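A quick write-up on the structure given underneath.
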Amino acid sequence: MFNRIDHIGVAVEDVESALALYRDAFQMEVAHREIVEEQGVEAVLLDVGENHVELLAPLAADTPVGKFLAKKGPGLHHVAYQVSDIDATLASLKAAGLPLIDEQARVGIRGSRVAFMHPKGTDGVLTEIVEPAAGLAGH
Ligand code: CO
Numbered sequence: 000m001f002n003r004i005d006h007i008g009v010a011v012e013d014v015e016s017a018l019a020l021y022r023d024a025f026q027m028e029v030a031h032r033e034i035v036e037e038q039g040v041e042a043v044l045l046d047v048g049e050n051h052v053e054l055l056a057p058l059a060a061d062t063p064v065g066k067f068l069a070k071k072g073p074g075l076h077h078v079a080y081q082v083s084d085i086d087a088t089l090a091s092l093k094a095a096g097l098p099l100i101d102e103q104a105r106v107g108i109r110g111s112r113v114a115f116m117h118p119k120g121t122d123g124v125l126t127e128i129v130e131p132a133a134g135l136a137g138h
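Each residue of the sequence shown is one higher than the one before, counting from 0 in numbering that gives the first Met the number 0.
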């Protein structure tokens, strides 16, 4: 069902200090940077071979990532698997009885389509599925 890991999401307090680690020390190339107002987040996608790290910094405390940081501090936030057909994958996951945060795919960064499963159905791992925009190898 899943083609490969698309990215791991990392919650950070501050994008610039996270970039000092991932871009400068780890020498990952920044592939994309986007502010997603409706999710209350600034996202930065860095390349690791064909896969990515997605840095997520909250735009305000009262946002999903802001609340995550207040509760757990910075660190691993989610894993995202790449799929070819997100609608078919969502139907399969629903048929398997998995609880979904997003019943329908929504627009993600770089024109991708994404959906999140609820961590209560995935042994505590917040899990995302990503169908990249046509012509893009990743999210
Ligand atoms: Co993600």
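All residues carry an ideal CB built from backbone N, CA and C; glycine is no exception. These numbers were taken from a predicted model, which means no experiment stands behind them.
Nearest to residue i (by Cα), restricted to the options the options
i	options	result
E130	D84, A90, A94	D84
L20	L45, I34, Q38	L45
G123	L97, R112, G134	L97
V43	V11, E37, S91, E102	V11
L99	L18, G39, L125	L125
H76	L18, D86, M116, V64	V64
A60	K71, D86, A79, G39	G39
G120	Q26, L92, F25	L92
A90	S111, K71, A104, H6	A104
I7	Q81, L135, E102	Q81
L58	F67, E49, E36	E36
Q26	P118, G48, R32	G48
Residues sharing a beta bridge with residue i, DSSP
i	result
Q26	Answer by DSSP bridge pairing: none, since Q26 is not bridged.
F115	E127
E41	I34, A56
V47	N50
Y21	Answer by DSSP bridge pairing: none, since Y21 is not bridged.
Secondary structure of residue i, DSSP reduced to three states
i	result
A106	Looking at the sequence shown, residue 106 is not Ala but Val. Here V106 sits in strand by DSSP.
G120	helix
I85	helix
L99	strand
A132	coil
V9	strand
G72	coil
Closer than 9 Å to chain D by CB, residue i
i	result
L18	No chain D is present in this structure, which holds just one protein chain.
Assumed close pair residue i, residue j - CB separation to whole angstroms, cut-off 8 Å
i	j	result
V113	L54	Contact doesn't hold; Cβ gap of about 16 Å is too wide.
G110	A79	Going by Cβ atoms, the distance from G110 to A79 rounds to 15 Å, so no, they are not a contact pair.
T88	I34	With 8 Å as the limit, T88 and I34 do not qualify as a contact, their Cβ atoms being about 27 Å apart.
The ligand NAP heavy atom lying under 8 Å from the CB of residue i
i	result
I7	Because the ligand NAP does not appear in the structure shown, any question about it cannot be addressed here, the ligands present being the ligand CO.
When you get a sec, list the residues whose CB is within less than 5 Å of any heavy atom of the ligand CO, chain order please. Working through the chain, the matches are G8, E53, A79, E127.
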